[in-house]
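Here is the structure we will look at.
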Amino acid sequence: MYLNLADILLLTSILQSLALAVFLLIPANFRLISNRLLLATVLAFAAGLAEVFLYSTGLAQRFLKLAYLGTLVGLLQAGLLYLYAQSLMFQEFKLRRQHLAHTLLFWVVGAIFVVEYYLQPDELKRQILLERDHPGVLTSPLMAAAIHLVFLGYLVATIGAIKTFGVNVRQIFSNIDYKQLNWLRALLLGYAVVWSVSLVYCLTAHVWKSDASVQWVSAAGGVTGFLFINYLLIHALRQPIVFSGLSAEESRLLASREEASMEAPADAELLARLECHMQQAKPHLDANLTVSQLARQLGIPARELSRAINQGRGKNFFEFISAYRIAEARRRLLADTDQTILQVMYDSGFNSKSVFNTAFKRTTGMTPSEFRARPPQAVAEAVEPSKASKASKASKAS
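In our numbering, the protein residues as written are 1431 to 1828.
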């Protein structure tokens, strides 16, 4: 059997997926629910690639009973990716009976395949395989479209959940680096693009069927599989170490935010206490400060503090603390020119260079280096243009 480059890529990706699956089976890794879901996702992904491999190499027609099995198992990816994202976002996540609903696509399509393919004689099976326009899909373009749309729906829902989660962590943490699951959102966005292209292909392949289309599908599957599994290898294995998700207490705090927003406006006395505490105790210098920790310092419920910051200051917790850190960084940059900018960043409460530079430029309109290099008057005008403008007008009037 001759293998082209696309087939080799497919085979390599399948073997990498299986190697990752074996690694996740190690007891120390398997105890994490997120790793169990990742294991199932990887195996489902490998099964989908195997379907394309059998299609590309012609092996499906030699082993008729293996045809479509990869597609059916691969359909579990959609629900598994959604549950995997949930397990990364919440520490208390557990698999429950209702989660079986996410396997519905597998059972519905499986029932159709049993009737339309597996119960048919071998001669008819071979004819079906010869007539199909896409690996793992029967000749009906309607079924192909339905499968793709459900899969894309899951990807969009998962991306939306991750985006909402990214907004929510800003209500709790002052350091959001590695807590927003941006790597998973990027992976799913890329995967959604691939499935969108595949949907267009499925809708047109039954009209323009050719040998070239087989090579195109094989090449696309090989490249996609290789990129997907390697990106997953790089990021997924360190995710539980970097950030294990929101605790039960943090989840309850987020759940109470909507109810709290309907309550009375923030207490002015509490806001005054908060500002005094920030100025004197400087809790923002702790790079890992959370809203719960700050609430304990003030002796108030975290829910009450979060509402006060949201309503009284019009900011989320991350933005509120970031403003104090930027003010501290400005002071240090002007007061101690011997300190490196990196040291100023750490001493001001930041622990991510990209976050620091972005926040600093958004606030001052300059990078930290530009801020330190400019004359004091220019710095004052850039940082507080309204005050500088008022002073200029006052001097002209006098």
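Here a beta-carbon is modelled for each residue, glycine too, at the ideal position from N, C-alpha and C.
Residue j beta carbon less than 7 Å from that of residue i
i: residue 1615; j: residue 1577; result: no
i: residue 1648; j: residue 1486; result: yes
i: residue 1506; j: residue 1474; result: yes
i: residue 1680; j: residue 1602; result: yes
i: residue 1721; j: residue 1747; result: yes
i: residue 1490; j: residue 1559; result: yes
i: residue 1470; j: residue 1510; result: yes
i: residue 1801; j: residue 1794; result: yes
i: residue 1496; j: residue 1552; result: no
i: residue 1534; j: residue 1464; result: no
Nearest-angstrom beta carbon gap, residue j and residue i [assumed within contact, 8 Å]
i: residue 1483; j: residue 1444; result: 7 Å
i: residue 1783; j: residue 1775; result: 7 Å
i: residue 1429; j: residue 1728; result: There is no way to answer for residue 1429, as the model of the chain reaches only from 1431 to 1828.
i: residue 1781; j: residue 1717; result: 4 Å
i: residue 1686; j: residue 1726; result: About 17 Å; that fails the 8 Å criterion.
i: residue 1789; j: residue 1752; result: 5 Å
i: residue 1515; j: residue 1591; result: 6 Å
i: residue 1738; j: residue 1704; result: 7 Å
i: residue 1769; j: residue 1761; result: Not a contact, Cβ separation roughly 11 Å.
i: residue 1468; j: residue 1479; result: Not a contact, Cβ separation roughly 16 Å.
i: residue 1498; j: residue 1536; result: Wrong, their Cβ atoms sit about 12 Å apart, outside the cutoff.
i: residue 1582; j: residue 1626; result: 7 Å
Contacts around residue i, its chain only, beta-carbon distance under 8 Å, and the 5 residues preceding and following it disregarded
i: residue 1828; result: Confidence is the limiting factor: at residue 1828 the pLDDT is only 37, short of 50, which leaves the residue's position unreliable and the question unanswerable from this model.
i: residue 1663; result: 1446, 1450
i: residue 1600; result: 1606, 1746, 1747, 1748, 1749
i: residue 1799; result: 1771
i: residue 1433; result: 1441, 1487
i: residue 1711; result: 1727
Limits of the alpha helix (DSSP H) - the one that residue i falls within
i: residue 1487; result: 1463 to 1487
i: residue 1459; result: 1457 to 1460
i: residue 1507; result: 1507 to 1519
i: residue 1598; result: 1571 to 1599
i: residue 1798; result: 1798 to 1803
i: residue 1749; result: 1747 to 1765
i: residue 1450; result: 1435 to 1454
i: residue 1399; result: Given a span of 1431 to 1828 for the chain in the structure shown, any question on residue 1399 remains unanswerable.
i: residue 1707; result: 1698 to 1711
i: residue 1835; result: Because the chain here runs from 1431 to 1828, residue 1835 falls outside it and cannot be looked at.
i: residue 1607; result: No alpha helix (DSSP H) contains residue 1607, which DSSP labels as neither H nor E.
i: residue 1544; result: Run containing residue 1544: none; DSSP gives neither H nor E here.
i: residue 1501; result: 1499 to 1504
i: residue 1680; result: 1678 to 1685
i: residue 1558; result: 1552 to 1561
i: residue 1724; result: 1721 to 1728
i: residue 1736; result: 1732 to 1737
Proximal residues to residue i (C-beta, below 6 Å), its chain only, five neighbours per side dropped
i: residue 1819; result: Any reading at residue 1819 needs caution, since the residue's pLDDT is 37, under 50, leaving its predicted position unreliable; the model's value is listed next. So no residue of the chain qualifies.
i: residue 1624; result: 1654
i: residue 1435; result: none
i: residue 1715; result: 1779
i: residue 1501; result: 1481, 1566
i: residue 1512; result: 1584, 1588
i: residue 1656; result: 1439, 1443
i: residue 1595; result: 1519
Close beta carbons around residue i, own chain, < 7 Å, minus the five adjacent residues each side
i: residue 1520; result: 1675, 1676, 1681
i: residue 1719; result: 1604, 1713, 1751
i: residue 1448; result: 1476
i: residue 1620; result: none
i: residue 1633; result: 1571, 1575
i: residue 1724; result: 1713, 1735
i: residue 1661; result: 1617
i: residue 1755; result: 1714, 1778, 1779, 1780
Self-check item: At least 3 beta-carbon pairs within less than 8 Å: the stretch 1526 to 1533 vs the stretch 1608 to 1616
Solution: Between the stretch 1526 to 1533 and the stretch 1608 to 1616, the count of C-beta pairs closer than 8 Å stays below three; the two stretches do not touch.
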